[in-house]
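What follows is one structure encoded as structure tokens, with my remarks underneath.
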Amino acid sequence: MPLEIAVVGAGTMGAGIAQVCATVGLPVVLVDVSDEQLRRGRASITNSLGKLEAKGALPRPAAEIESVVRTSTDVSDASRAAVVIEAVFEDVAVKTELFERLDRVAGPATIFASNTSSISITRLAAATKRPDRVVGLHFMNPVPVMGIVEVIRGLDTSDQTVAAVKRLAEKLGKRAVESRDVPGFIANRVLMPMINEAVFALAEGVGSAEDIDAMLQGLNFPLGPLALADLIGLDVCLAILEVLQRDFGDPKYRPAPLLRQYVAGGRLGRKSGRGFHLYA
Numbered sequence: 010m011p012l013e014i015a016v017v018g019a020g021t022m023g024a025g026i027a028q029v030c031a032t033v034g035l036p037v038v039l040v041d042v043s044d045e046q047l048r049r050g051r052a053s054i055t056n057s058l059g060k061l062e063a064k065g066a067l068p069r070p071a072a073e074i075e076s077v078v079r080t081s082t083d084v085s086d087a088s089r090a091a092v093v094i095e096a097v098f099e100d101v102a103v104k105t106e107l108f109e110r111l112d113r114v115a116g117p118a119t120i121f122a123s124n125t126s127s128i129s130i131t132r133l134a135a136a137t138k139r140p141d142r143v144v145g146l147h148f149m150n151p152v153p154v155m156g157i158v159e160v161i162r163g164l165d166t167s168d169q170t171v172a173a174v175k176r177l178a179e180k181l182g183k184r185a186v187e188s189r190d191v192p193g194f195i196a197n198r199v200l201m202p203m204i205n206e207a208v209f210a211l212a213e214g215v216g217s218a219e220d221i222d223a224m225l226q227g228l229n230f231p232l233g234p235l236a237l238a239d240l241i242g243l244d245v246c247l248a249i250l251e252v253l254q255r256d257f258g259d260p261k262y263r264p265a266p267l268l269r270q271y272v273a274g275g276r277l278g279r280k281s282g283r284g285f286h287l288y289a
């Protein structure tokens, strides 16, 4: 029986992680508290696999790949997995509570990997009795397309745990880049201030959203910063910037007021149909 992976959180990232695991033949249990969220997660996987199959980009039929993904609303169903990948909302209280629950039901050898984009792995590990087996495994969005992951070593993460998740990343076809456990790690330490500055520029009328994005694309960025924020989710960007500002204590990370306003108004980007740009 191949290694089983549990993915907790069936949102955009969790569904993508489950998909890439299933694509390489790893049995996956996708866990969420809501049946509706699980249905959306399953539909996202079906849709993504269908598009890849139409392009001839899958190693075997989409239906066969999807058949190794099962779903559950009971976190105890993650207990048989060799690796549990947490992909819930970017909130330290939510993640900490989940890790405490997982620690009670999972076997002592199970590795806990968090897909957090900014929260301290050391802090999450402290909620468990296995800090040596807690590690950051930060996937990029969209997961099936992006070929890189961040591996974050907490204060007590063992070499064996880091090596195990790097082997998993390699099996998934991802390049693993190791980062220290600092706010934002590598990706968002660099990316979020750029996105935030683009929002300030938009608010100050320096340029339109289209022109700001076009300028950065002209510098060989595949997406402009505002379009990328829409893809990530403006609520996620705001949460990451708040972590950076709080943990560094540096005002340069303060979220742009316009970003806060958009999130308060429900303009979250692609997932809500409207952010800095409009989406069908």
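Heads up, the sequence shown is in the numbering used here, so the first residue is 10 and it goes up one at a time.
C-beta: ideal position from N, C-alpha, C; glycine also.
Assignment of Phe108 by DSSP, reduced to helix, strand and coil, places it in the helix class. Taking the Cα positions, Val171 is about 24 Å away from Val103. Secondary-structure assignment with DSSP links Glu187 through a beta bridge to Val160. If you draw a straight line from the Cα of Phe285 to the Cα of Glu251, it comes to about 20 Å.
DSSP places Phe148 within a strand segment (E or B) once states are collapsed to three. According to DSSP, residue pairing for Phe194 in a beta bridge does not occur. Rounded to whole angstroms, Phe257 and Thr125 show a C-alpha spacing of 17 Å. Judged by DSSP secondary structure, Phe121 falls outside any alpha helix (DSSP H) and instead within the beta strand (DSSP E) spanning 120-123.
For the 7 Å CB-CB criterion, Leu235 and Ala210 do not form a contact. In this model, Gly23 and Val174 are separated by some 16 Å (Cα to Cα). With a beta-carbon spacing of about 7 Å, Glu99 and Ile128 fall inside the 8 Å limit used to define contacts. With a minimum length of 3 residues, the unbroken runs of beta strand (DSSP E) contained wholly in the segment 21-76 fall at 37-40.
Taking 7 Å as the cut-off, the beta carbon of Ala71 is found closer than this to the beta carbon of Leu58. Note on geometry: alpha-carbon atoms of Ala122 and Gly145 lie some 5 Å from one another.
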